[in-house]
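Only one structure is covered here, and it is reproduced in the block below.
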Amino acid sequence: MSDSMDYFGSENEIFRNKELLQVSHLPDGDRIIGREDELSDLANAIKPATRGNTPNNVLVYGKTGTGKSLCSKFITTQAVERAERNDVSIGVAYVDCLQESTETQAVQSAGHQLNDQPETDISIPHSGLSTSEYYRRLWRIIDTRYDVALIILDEVDKIEDDDILMQLSRAVESGKLTSSTVGVIGISNKVRYKDSLDERIKSSLCEREYVFSPYDATQIREILRSRSDAFHEGVLEDGVVPRVAALAAREHGDARKAIDILRFAGEIAEENDLETVTEDCVDQAHEREETSRLAELISKSPSHAKLVLEAMALLTQQKEGDDAPVTTNEAYDLYKRLCERDQSDHLKLRRVRDILSELEFLSIIEQERKWAGKGKGNYMENRLIDDPAVILAACNESE
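Numbering-wise, the sequence shown is residues 1 to 399 according to UniProt numbering.
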């Protein structure tokens with residue numbers, strides 16, 4: 001046994017507590033940097049819940065990695081603790097609408113998180129019930145166990161049906177809840193999400209609205225330093241944190257991206273049996289994070305969005321240069337042929353234009369409107385931000 005290969009590598013340890021660099025990690029309040037005003041706003045909005053009263057419903061906007069989910073989770077956790085001092089019981093459910101994208105899935109998820117079957121004698125099966133029955137059980141659970149329920153709907157714009165917003169925001173008014181109350185925190189990357197809502201939902205859901213702006217390089221540097229104890233002392237070279245912060249700030253101030261790059265840099269140092277994390281590790285980590293982000297984004301995209309991306313990548317490869325522009329009509333023509341290949345019905349041109357706009361929002365493509373000439377109007381040019389080969393590989397991986 002002593003002569004066999006040791007696949008666990010050397011004893012050089014880079015990380016002390018790697019969990020501090022996981023996206024799912026909820027830090028202490030003193031590790032949440034640059035969001036003091038936003039935390040105060042959220043606290044004021046849901047403060048009535050800590051006394052057993054109905055909180056304000058909230059919509060939170062901002063780009064990916066600006067701390068929306070982090071602050072919402074932190075402030076609701078703190079609300080639960082404060083309410084306990086007032087002999088008030090608050091239940092919190094966090095629903096990721098990207099994963100639980102139908103009304104039934106979202107209600108089932110909230111019910112499952114808020115339930116304690118031995119206490120309520122109510123079961124929440126993963127399937128087999130009608131949507132209305134899931135709602136009935138959710139209301140009974142809240143009335144039985146809590147004075148107030150706070151339900152966080154993350155990426156709420158991804159949910160297929162707005163009915164859940166109507167049901168939750170009017171649960172007390174409609175008599176669904178009789179001894180408890182409920183508040184909703186909706187989180188969206190789309191600042192104009194509210195414009196798509198029914199007027200009745202707007203009036204009851206959008207009681208408070210807050211926009212989270214991107215972090216600047218200084219704030220990202222502070223965020224990374226607050227988590228640097230994830231590494232053993234002396235492992236991070238002096239230029240590592242500023243380098244990661246500069247890369248993340250340059251690309252929309254995404255703190256989540258910055259933390260991922262720092263974690264990847266540590267992993268690369270481990271894989272190469274280095275004693276310290278270097279700036280070269282950061283540059284390699286940045287590349288790895290880009291590929292990882294792209295694969296994740298594409299894997300979570302609807303099937304037709306993947307086909308539109310595949311069409312864009314194939315057309316870009318046919319042209320000269322990886323940043324060659326593709327018109328919307330060119331992309332649409334090839335997209336239709338790909339739909340025929342996959343034996344699926346194609347979407348209308350208007351919907352494909354919407355998909356291309358969504359891909360621009362996700363920073364997968366860039367768009368530029370061009371003037372075609374007098375009497376010809378204008379047209380849209382679309383460019384892939386990443387290498388078309390990487391896009392195609394990510395599309396194939398997600399199938």
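Beta carbons: idealized from backbone N, C-alpha and C, even for Gly.
Worksheet entry | Whole-angstrom distance between M166 and I201, CA atom to CA atom | 6 angstroms
Worksheet item: How big is the Cα-Cα spacing for P48 and I185?
Response: 14 angstroms
Worksheet item: Going straight from the alpha carbon of N17 to that of D143, what length do you get?
Response: 40 angstroms
Worksheet item: Does the pairing of the segment 48–61 with the segment 258–267 give three or more beta-carbon distances under 8 angstroms?
Response: no
Fill in: Complete alpha helix (DSSP H) runs within the segment 180–242 (minimum length 4 residues, chain order)
199–205 and 217–226
Practice prompt. Less than 8 angstroms between the CB atoms is what I'm expecting for M380 and T327, so what's the real figure, rounded?
Written response: 7 angstroms
Practice prompt. Determine the burial state of G91: buried for a count of at least 16 other Cβ atoms within 10 Å of its Cβ, exposed for fewer.
Written response: buried
Fill in: Buried/exposed call for P388, threshold 16 Cβ in 10 Å
buried
Item to complete: Count the other C-beta atoms from every protein chain shown that fall within 10 angstroms of the C-beta of T178, then say buried if there are 16 or more, exposed otherwise.
Response: exposed
Item to complete: Name the two residues that bound the continuous alpha helix (DSSP H) containing I142.
Response: T131 to R145
Worksheet item: For the ligand ADP, is there a heavy atom less than 7 angstroms away from the beta-carbon of E290?
Response: With respect to small molecules bound, the structure shown includes none, and the ligand ADP cannot be examined in it.
Worksheet item: How many Å lie between A83 and T66 at the Cα?
Response: 27 angstroms
Fill in: Three CB pairs or more closer than 8 angstroms across the segment 106–114 and the segment 145–152
yes
Item to complete: Grab me the residues of D216's own chain with a C-beta within less than 7 angstroms of its C-beta, minus the 5 sequence neighbours each way, in chain order.
Response: A249 and G253
Worksheet item: Q367 by DSSP, collapsed to three states: which one?
Response: strand
Worksheet item: For M1, which three-state DSSP category applies?
Response: Caution applies to M1, whose pLDDT of 49 falls short of 50 and renders its modelled position unreliable; the value that the coordinates give is listed next. Coil at M1, not helix or strand.
Worksheet item: What is the residue span of the beta strand (DSSP E) that L150 lies within?
Response: V148 to D154
Item to complete: Could you tell me which of T276, K319 and A394 sits nearest to A295, measuring between CA atoms?
Response: A394
Item to complete: For V282, collect the residues of the same chain with a Cβ closer than 7 angstroms to its Cβ; drop the 5 residues on either side in sequence, then sort them by chain order.
Response: V240, R243, V244, I261 and A265
Worksheet entry | Distance, Q219 Cα to I33 Cα | 7 angstroms
Discussion item. Does A285 come out as helix, strand or coil in the three-state DSSP assignment?
Written reply: helix
Worksheet item: What's the gap between the Cα of R288 and the Cα of S363?
Response: 17 angstroms
Fill in: Length of the line joining the Cα atoms of Y335 and N396
15 angstroms
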